[in-house]
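Visitor:
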Ligand code: COA
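Numbering (the numbering used here), first residue to last: 51 to 405.
Written out as structure tokens, the structure reads:
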């Protein structure tokens, strides 16, 4: 049976380390609060105006392509997951193609807007393309340059302290080897709570605060001097162009959905939680990952956490963690690796891979 396997994997994080203490210089927060609630000690920020979501993705992709032993011109489809794209449109997929210098191939490029579970959705889509024989070398990338779009004042502290920049990439290829590669993927969404974790402005709705959904307010659309289509002066004046998160609500949903979708994937593949060798959860919050670990009865060496060093890198977090675990020798041939993610949308998913 034709399946897809990870032929190559790579990641990139910017050099600049931003500690919790660094953040205390610009907002009212503390190292103690951040560590206790999230487990985060530090995160990386890209170099403003030099690095972008696309350039970081290209660095990660180049490693994945080289490890897969192909030429970059052989990539026949690009899937790019991000919530912090270089442009509003077009998406980062075509920008990555250009950055890699492979436009001549005219390979297709697809952008995925599924935030923290974007990479899971990406590899599931790639897996279908490969299983049907449509493509042989599919590049799936998750990359985020959050630092360009966060509120560094105290009013943004509950969101800003969590996020970091980085990119991860895999090159998926077909395999006919027995019991190897992606065994199954499960994808879910529930739009009921779309505004619970969202950056809703700018948008074609004309602008409102996530908190004020019950009573929509007229925010001056469409008389902005910055352009009538999306951004209004009021949005700029009132700091409405930053992400909003109902942290406790997201937390409660995450600890429910992570174990649920992992058990669903195991059931679909005819496996049990005891069969998992390594769990790579989306790095949302160390407390969420620890809860999931306990629910599944996994030892400390069966879960990969790096949120302490990189924060939450959204679409990039799963491939960065997977790549780190692989490079550290924590994943070996034949191991059952479980990837899982939950985030804004809400969207969530899991994948089981035989390494
Ligand atoms: N530093 C110091 N104090 C902060 C703070 C910060 N960075 N952020 C919030 N606070 C304060 C709040 O203002 C609040 O103060 P108050 O009680 O005086 O009003 C208090 O801390 C508690 O805030 P709350 O938002 O209820 O904290 P929490 O315990 O829920 O922790 C999160 C906040 C964000 C760490 C937590 O909710 C979380 O991790 N949620 C999941 C988020 C997530 O995973 N997001 C990614 C999606 S996958």
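For glycine and all other residues, C-beta sits at the position ideal for the given N, C-alpha and C.
Mind reading off the beta-carbon distance from residue 104 to residue 142? Whole number of angstroms is fine, and I expect it under 8 Å.
Guide: Going by Cβ atoms, the distance from residue 104 to residue 142 rounds to 5 Å, so yes, they are a contact pair.
Visitor: Taking only the alpha-carbon atoms, compute the straight-line gap between residue 155 and residue 126 and give it to the nearest angstrom.
Guide: 8 Å
Visitor: Please tell me whether residue 360 and residue 63 are closer than 8 Å, where the distance is taken between their beta carbons.
Guide: yes
Visitor: Can you list the beta strand (DSSP E) stretches of 3 or more residues lying completely in the stretch 145-233, in chain order?
Guide: For the stretch 145-233, whole beta strand (DSSP E) runs of length 3 or above, ordered along the chain, are 158-162, 188-194, 216-225.
Visitor: Applying the 10 Å Cβ sphere with the 16-neighbour rule, what's the burial state of residue 363?
Guide: Within 10 angstroms of the beta-carbon of residue 363 lie 16 or more other beta-carbons, which makes it buried.
Visitor: Taking the Cβ atom as the reference point for each residue, do residue 392 and residue 332 lie within a distance shorter than 8 Å?
Guide: yes
Visitor: For the alpha helix (DSSP H) holding residue 369, just list the boundary residues, first then last.
Guide: Its alpha helix (DSSP H) spans residues 367-377.
Visitor: Please confirm if residue 351 has its CB atom under 8 Å from at least one CB of chain C.
Guide: Of the protein chains in the structure, only one exists, and it is not chain C.
Visitor: Go ahead and label residue 285 buried or exposed: buried means 16 or more other beta carbons lie within 10 angstroms of its beta carbon, across all protein chains shown.
Guide: Under this definition residue 285 is a buried residue.
Visitor: Return yes when the Cβ of residue 315 is within less than 8 Å of the Cβ of residue 400, no when it is not.
Guide: yes
Visitor: Which residues mark the beginning and the end of the beta strand (DSSP E) in which residue 364 is found?
Guide: That residue, residue 364, is in no beta strand (DSSP E); it is neither H nor E in DSSP.
Visitor: Have a look at residue 52 and residue 181 and give me their C-alpha separation to the nearest angstrom.
Guide: 5 Å
Visitor: From which residue to which residue does the alpha helix (DSSP H) around residue 307 run?
Guide: 297-318
Visitor: If you drop the 5 nearest sequence neighbours on each side, which residues of the same chain put their C-beta closer than 7 Å to that of residue 140?
Guide: none
Visitor: Using CA atoms only, rank isn't needed, just tell me which of 193, 242, 184, 387 is closest to residue 312.
Guide: 387
Visitor: Per DSSP, residue 104 is paired with what?
Guide: Answer is none; residue 104 lacks a bridge partner.
Visitor: Output the residue ranges of the beta strand (DSSP E) runs that lie fully inside the stretch 108-135 and measure 3 residues or longer, sorted by chain position.
Guide: 127-131
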